[in-house]
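Enquirer: Going by UniProt numbering, the first residue of the sequence shown is number 1, and it counts up by one from there.
Where a beta carbon is used, it is the ideal one built from N, C-alpha and C, also for glycine.
Please read these numbers as outputs of a predicted model, since none were measured by experiment.
To start, I am sharing the structure in question, which I have written as structure tokens.
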Amino acid sequence: MSKNKATLIGLMAVLLWSSLVGTIRIVSENWGAIGGTAMIYSLASILLLFTVGLNKMHKYLLPYLIAGGILFVSYELCFSLSIAFANNGQQAIEVSMLNYLWPTLTILFTILFNQQKANFLIIPGAVLPVIGIGWVLGGEQGFNVLSMLNNIKDNPLSYFLALIGACIWATYCLITVRFAKGKNAVTLFFLITAIILWAKYLMTDESTLTWSYQAVIYLFLASAAIGFGYAAWNIGVLHGNVTLLAGASYFIPILSASLSALLLNTPLSLSFWQGTALVTLGAILCWLAIRGIKNTRKFSDH
């Protein structure tokens, strides 16, 4: 496979992942927060079995299976349920912006815990996403603390899950680099996520699943975005232009908000787009702050 073709396939993963917020929300609206999410991860697990595959357990290091598995499953639960538990489509999109703090947090965690050096760009890179989130959650008033707190108070669970999820995924990225040794247990982790969601569904009084053509279509779209997204990303990273793919991934918040607004038929205010732009710009500045600077201590040294 040519490098350009692999890069193009990798870029498709960015587009697929950007559709997740809208599709997950639509499925949860039709089948319930927990039941709908369980359906998505069940079908995604099947797709991953055929695309990424399931390696034998002995090929993984135990620390990666335990720590990585707990973090990965926890993140997927936080991410999907934060969207599913949102009160409406607009809130689901707002909540997702908190999740997209993970690129900035990953770099900050790398600096704090792995002694990664950074230049002066790390300061605006760390500050801008926080301001951007305030802008997003402030609504049409822009950066307004009172409006932001009222928004969070309206549905603290969704916002809390999204923020915790961002922290968990940033931690998972560090754990993966340190212990995965190039292996990928994503299929196994998705299977575990699906099992936990079904167990949770059976313990709740959520209404019985009712089928509709729209729900089935978006179920397949959401599951394909996850399953084919990971498969496409693996191809891109292994055979394509990794630098270009990394740069493109920082624009997922903008792409995600655009696709979600279209799928959910939800108009977004100018202040929302300004906040989203700040979140994206901050992540890019953080990336530039460490780009080309040699680690004082590599992950594998720990």
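#1: Can you look up valine 52 in the DSSP assignment and give me helix, strand or coil?
#2: Since I believe leucine 268 is in contact with isoleucine 168 (beta carbons under 8 Å), could you give me their beta-carbon distance rounded to a whole number of angstroms?
#3: Using the three-state DSSP reduction, which class does leucine 128 fall into: helix, strand or coil?
#4: Spatial neighbours of glycine 32 within its chain, please: C-beta separation below 7 Å, excluding the five flanking residues on both sides.
#5: For proline 103, does the count of other Cβ atoms within 10 angstroms reach 16, so buried, or fall short, so exposed?
#6: In three-state terms, what does DSSP make of methionine 1?
#7: Does the Cβ-Cβ distance between leucine 219 and methionine 1 come in under 7 Å?
#8: When you compare only the Cα positions, how much space is there between asparagine 4 and isoleucine 284?
#9: Considering proline 103, what are the terminal residues of the alpha helix (DSSP H) in which it resides?
#10: According to DSSP, is asparagine 88 helix, strand or coil?
#11: CA-CA distance, isoleucine 66 and leucine 270?
#12: With three or more C-beta pairs closer than 8 Å as the rule, is the region 86-96 touching the region 141-157?
#13: For leucine 161 and alanine 92, what's the separation of their Cα atoms in angstroms?
#14: In or out: arginine 291 buried (at least 16 other Cβ within 10 Å) or exposed?
#15: Below 8 Å, how does it come out for the region 126-142 and the region 33-52: are there three or more Cβ pairs, yes or no?
#16: Could you have a look at aspartate 205 and say whether DSSP puts it in helix, strand or coil?
#17: Which stretch, first to last residue, makes up the alpha helix (DSSP H) that contains tryptophan 287?
#18: Cα separation between alanine 13 and glycine 229?
#19: Can you confirm whether the region 251-261 touches the region 13-22 when touching is taken to mean that 3 or more C-beta pairs between the two stretches lie within less than 8 Å?
#20: Whose C-beta lies closer than 7 Å to the C-beta of residue 303 among residues of the same chain, with five residues either side of it excluded?
#21: Measure the alpha-carbon distance for serine 28 versus leucine 245 and round it to whole angstroms.
#22: Could you check the C-alpha separation between leucine 108 and alanine 215 for me, to the nearest Å?
#23: From this set, Gly22, Ile9, Leu188, which residue's C-alpha is nearest isoleucine 217's C-alpha?
#24: Comparing C-alpha positions only, which one of Tyr172, Met203, Ala222 sits nearest to residue 305?
#25: If we call anything under 7 Å between Cβ atoms a contact, is lysine 183 one with lysine 59?
#26: Only counting the same chain, and skipping five residues up and downstream in sequence, which positions put a Cβ closer than 7 Å to that of proline 63?
Expert: Judging by the given coordinates:
#1: If DSSP states are grouped into helix, strand and coil, valine 52 belongs with coil.
#2: Actually they do not touch by this definition, with Cβ atoms about 26 Å apart.
#3: Taken through DSSP and simplified to helix, strand or coil, leucine 128 comes out as helix.
#4: Only Glu206, Ser207 meet the Cβ criterion.
#5: With 16 or more other Cβ atoms within 10 Å, it is buried.
#6: The answer is coil: DSSP assigns methionine 1 none of H, G, I, E or B.
#7: Contact flag unset, no.
#8: So the alpha carbons of these two residues sit roughly 23 Å apart.
#9: Its alpha helix (DSSP H) spans residues 102-114.
#10: Asparagine 88 falls in the coil class under three-state DSSP.
#11: When rounded, the distance between both Cα atoms is 43 Å.
#12: Contact holds: three or more Cβ-Cβ distances are below 8 Å.
#13: Leucine 161 and alanine 92 have their C-alpha atoms roughly 12 Å apart.
#14: It counts as exposed.
#15: Using a C-beta cut-off of 8 Å, the region 126-142 makes no contact with the region 33-52, since fewer than three inter-stretch Cβ pairs fall below that distance.
#16: Of the three classes helix, strand and coil, the one that applies to aspartate 205 here is coil, per DSSP.
#17: Per DSSP, the continuous alpha helix (DSSP H) segment holding tryptophan 287 begins and ends at 270-290.
#18: Between the C-alpha atoms of alanine 13 and glycine 229 there is a straight-line separation of about 4 Å.
#19: Counting Cβ pairs under 8 Å, three or more are found: they touch.
#20: Any property of residue 303 remains undetermined from this structure, which presents the chain solely from 1 to 302.
#21: Rounded to the nearest angstrom, the two C-alpha atoms are 30 Å apart.
#22: When the Cα atoms are used, leucine 108 and alanine 215 turn out to be separated by approximately 39 Å.
#23: With distances taken between Cα atoms, isoleucine 217 lies closest to Gly22.
#24: Past the edges of the chain, shown from 1 to 302, lies residue 305, and the structure says nothing about it.
#25: In this structure, lysine 59 lies closer than 7 Å to lysine 183 by Cβ.
#26: Within the same chain, proline 63 has close Cβ partners Phe179.
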